Each structure stands twice: as structure tokens, then as C-alpha cells.
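Scroll down for the structure; my scribbles are underneath it.
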Amino acid sequence: MNSLDAFAAAKLADLEERGLRRTLRENWREDGLWISVDGQKLLSFSCNDYLNLTHHPALKAAAIRAIETYGVGAGASRLVTGNHPLLEKLEARLAALKGSEAACIFGAGYLANTGIIPTLVGKDDLILIDELAHACLFAGTQLSPATVRIFRHNDIAEVESLLATNRAHYRHALLLTDGVFSMDGDLAPLPALAEICTHHDCWLMADDAHGLGVIGQGRGSRHAFDPAPVIPLQMGTLSKAIGGYGGYLCASKPVIDLMKTRARTVVYSTGLPPALAASALAALDLIESDSDLVKKPLANARLFTTRLGLSPAQSPIVPIILGTVEAVMSAAQTLFTQGFLVTPIRPPTVPEGTARLRFAFTAGHAAEDILHLADVVAPLMPAKAR
Ligand SMILES: Cc1ncc(COP(=O)(O)O)c(C=O)c1O
Numbered sequence: 038m039n040s041l042d043a044f045a046a047a048k049l050a051d052l053e054e055r056g057l058r059r060t061l062r063e064n065w066r067e068d069g070l071w072i073s074v075d076g077q078k079l080l081s082f083s084c085n086d087y088l089n090l091t092h093h094p095a096l097k098a099a100a101i102r103a104i105e106t107y108g109v110g111a112g113a114s115r116l117v118t119g120n121h122p123l124l125e126k127l128e129a130r131l132a133a134l135k136g137s138e139a140a141c142i143f144g145a146g147y148l149a150n151t152g153i154i155p156t157l158v159g160k161d162d163l164i165l166i167d168e169l170a171h172a173c174l175f176a177g178t179q180l181s182p183a184t185v186r187i188f189r190h191n192d193i194a195e196v197e198s199l200l201a202t203n204r205a206h207y208r209h210a211l212l213l214t215d216g217v218f219s220m221d222g223d224l225a226p227l228p229a230l231a232e233i234c235t236h237h238d239c240w241l242m243a244d245d246a247h248g249l250g251v252i253g254q255g256r257g258s259r260h261a262f263d264p265a266p267v268i269p270l271q272m273g274t275l276s277k278a279i280g281g282y283g284g285y286l287c288a289s290k291p292v293i294d295l296m297k298t299r300a301r302t303v304v305y306s307t308g309l310p311p312a313l314a315a316s317a318l319a320a321l322d323l324i325e326s327d328s329d330l331v332k333k334p335l336a337n338a339r340l341f342t343t344r345l346g347l348s349p350a351q352s353p354i355v356p357i358i359l360g361t362v363e364a365v366m367s368a369a370q371t372l373f374t375q376g377f378l379v380t381p382i383r384p385p386t387v388p389e390g391t392a393r394l395r396f397a398f399t400a401g402h403a404a405e406d407i408l409h410l411a412d413v414v415a416p417l418m419p420a421k422a423r
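Start counting the sequence shown at 38; every next residue gets the next number (the working numbering).
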């Protein structure tokens, strides 16, 4: 075996031994709720399609119309020939919804975070990041030569102390957090973070991938608080409640203009296909006009947490931590045999010893299915969680 293949094989063998090798399973969805896996049709509690918009007729029609008219791909970077007018229309809509001056669309949420962070901070700067922040926020920090300090999850006192001790030694400071934490479902303490950041002249960036469309009347996690705190850098994705694909940053005009000329993932990556901008606009029409739809994912998550006697869900995401990889794999298999898809979440996606079932509730889940799911889950839970 050559050295390249030997390297890959040894890595795979190690992952296999620790129960951490991941493999792709073919699956497909013909509506926003059900999924076919290995020939079996399952009710999915693993899709981030919170409003079931991936298959909504209005989104499909908008995307099909755009493809018929403008083609499939954007053809080049936005700075070359890939800046379709639908992108700018979508930017204006997102900025208005998020209450910011301007917005910039990226090819994906991952590309947004890996583009934004190194555009804003460099060698003489400081980054503070929540230990449970999404992997692509960490990936963005790795692309910047800034000093990185990781703080304990949602620990305001540690943030305050890190800034009080370190801020003066750096030119600029940037604090990175999820708005809704993707594997834990809890909210960041945004008002307190905003206050501390303002006090220390630290730029606050919240990744609201899981907040848009489902929290704060659909406007995102900032609007779960009254008054809504000021967050100068509001990032998110079009791939979850918006039902499509693509990422965005909402911020002031100078910050957005800077992204459009300097963010490497804007400059050197192909623009978002026009059809995805068209479907996102159709999704925003629904989110802005149907307040009942927007409330449902969280209400459904709360039905589940109430049934299981857990603390009330703060978002459509509910984790049940089982600890070991073996426990979570076996629980997911039990759910599979009962007709539910709940993908087990293992390290390194979550910290060692916190392997979990992650439930994602959507607007379309029926109450009776949620209650049935809870009854199947109850005996799988560790005694202390019950
Ligand atoms: C919190 C968070 N940020 C960013 C991303 C990346 O977004 P995208 O899937 O659009 O690349 C995800 C999704 O996986 C996420 O959960």
C-alpha cells in the first residue's frame, strides 16, 4: 500500500475502533417530514427543516421559475458575473428582517463564517469564542492569526474577566457565539454579552443559523429578548428554516461593503445560484406573513419536553445526553426500529462523554407523533434525566 492510502487506512481503523467512524447512508425526502433510509420510511426528528419549507410548493415554484429563466449555476464569483439581482433583493429583505443596515449573501453558512472572521480580525487582535460554538466559527478563527481564547459555555463572568484582563493588549476584539446552540438548543445570553461587549469595545457576532424563522417571531434569537440587544454582526444560513442553501451576514453598510471586497469566500467562490435566492425570498414571504407557522417548531419541542418532564425547550432543538457512544448508538437504533429517525450525535461534534440524541422539531410534526416519540424515548433516558 502506498503511504497515502496507508495513512487513510490507519486513520479509518483508529476511528472504527473508537466507534467514531462515520459513513454516508443514502437517504431522500419527498416531503418535509418523512425520510427514506435503507429502504425504510421514517418520521424524521433530525432535519433542520424547521418549517418544512424544503418541499413547500411556493419555494419549489420560485426555484423552478428562476432555473427556467436564469439557469442552474451562477457561473462565477459575485465580483465577476455571479451577482444576480435576486441576491441584492434577498440582501435587502434579510437586512430589514434582522434590523440591520445591509446584508451580504455567501455561498453557505460555513463559507460565511470562514469568510467573515479573518476579514475582521488579524495578528494584533483577540477572538473570544464560546466552547460550544459551531465548528465553522472555530474554522473561521483558524483562518485568522488573531489570539483565540475559548470561554466556558455561556459563562458571562468569564467573558467579563477575559475582556477586563486582556482587551487593552489588543487592537480589536471579536466575540463569537451561536445565537441558538446547534447541539444543545439553548440560547446565548445575548443581552448580557451585548452589554459587556459594548463596555469593552468588543465586536459581538452571533451565528443564528438555528434562530431565523423560528425564534423571536421568526426574526431570530436577538428578538427572543425584550428589548432586543444590539448585535453588530448577525450571521445565519438559508439552509435550515429557510429550506434552501446559502449563508448571510447582516451588519452596517461599511462592514458589508468590506465583506464584498475582502471576504475571500465571497471574492474567490462562485455566487449563490439565483434559484436559491428566489426560494429564500419565497420562504421569507411565508415567515413574515404566517406567525402561527413560525411559532410551531418551538411549541412542538415544548410538548416533547413537557411530556418527558424536562426543562422547557428554548428552541426547536432538544438534546438528551446519554454519555457514551455505545448508549447513543443503541438508543438511535431502537428509535429506528420504532419508525423514527433521530441521528446519534457523537464526539467530536460534541465534547467527549456527552454523546446524545438530538431532536429537531418542525412545524409539521403532529402532536400524537411527538407524544408517541416521547413515550419511546422515556425508557432510554438515564435515570437522573427523568
Ligand atoms: C450554528 C451553525 N452555523 C453554521 C452552520 C453552517 O451552515 P451551512 O449548512 O449553511 O453551511 C450550521 C449548520 O450546519 C450551524 O448549525
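Yeah, the Cβ is synthetic: ideal placement off N, Cα and C, and Gly gets one too. Quick caveat: nothing in here was measured; it's all calculated off a predicted structure.
Residue 206 places its beta carbon 8 Å or farther from that of residue 354.
The alpha-carbon of residue 160 is positioned some 14 Å away from that of residue 186. Within the chosen limit of 7 Å, ligand 1 does not reach the beta carbon of residue 305 with any heavy atom. DSSP, reduced to helix, strand and coil, places residue 398 outside both helices and strands of the structure shown, so it counts as coil. Taking the Cα positions, residue 294 is about 30 Å away from residue 85.
Of the candidates 313, 210, 89, 210 places its Cα closest to the Cα of residue 165. Proximity of the segment 302 to 319 to the segment 276 to 284 meets the contact definition, three or more beta-carbon pairs being nearer than 8 Å.
The closest heavy atom of ligand 1 lies 7 Å or more from the beta carbon of residue 221.
Here residue 384 is not near residue 49, since their CB atoms are 8 Å or more apart. Between the alpha carbons of residue 404 and residue 180 lies a gap of roughly 44 Å. Closest in alpha carbon position to residue 345, among 407, 377, 387, is 407. Residue 184 has its alpha-carbon roughly 35 Å from the corresponding atom of residue 350. Between residue 82 and residue 321, the C-beta gap is not smaller than 8 Å, which leaves the two residues out of contact. Shortest gap from the CB of residue 302 to any heavy atom of ligand 1: 7 Å or more. Runs of the alpha helix (DSSP H) lying entirely within the segment 303 to 382 and spanning at least 4 residues, in chain order: 311 to 326, 328 to 344, 362 to 374. Straight through space, the alpha carbons of residue 175 and residue 418 are spaced by roughly 31 Å.
Using a C-beta cut-off of 8 Å, the segment 139 to 150 makes contact with the segment 298 to 311, since at least three inter-stretch Cβ pairs fall below that distance. Judged by pairs of C-beta atoms under 8 Å, the segment 220 to 230 does not touch the segment 103 to 121, as fewer than three such pairs exist. Residue 415 and residue 368 have their C-alpha atoms roughly 11 Å apart.
With a cutoff of 7 Å, residue 171 counts as near ligand 1, since its C-beta is closer than that to a heavy atom of the ligand. Rounded to whole angstroms, residue 89 and residue 55 show a C-alpha spacing of 35 Å.
In this structure, residue 191 has its CB at a distance of at least 7 Å from all heavy atoms of ligand 1. In this chain, the beta strand (DSSP E) harbouring residue 244 covers 240 to 244.
Cβ neighbours of residue 195 within its own chain (closer than 6 Å, five residues either side excluded): 188, 189. In this structure, residue 200 places its C-beta atom within 8 Å of the C-beta atom of residue 237. Take the alpha-carbon of residue 130 and the one of residue 312: they are about 16 Å apart. Classified as exposed, residue 62 has fewer than 16 neighbouring CB atoms from the shown chains inside 10 Å of its CB. Between residue 352 and residue 261, the alpha-carbon positions lie close to 10 Å from each other.
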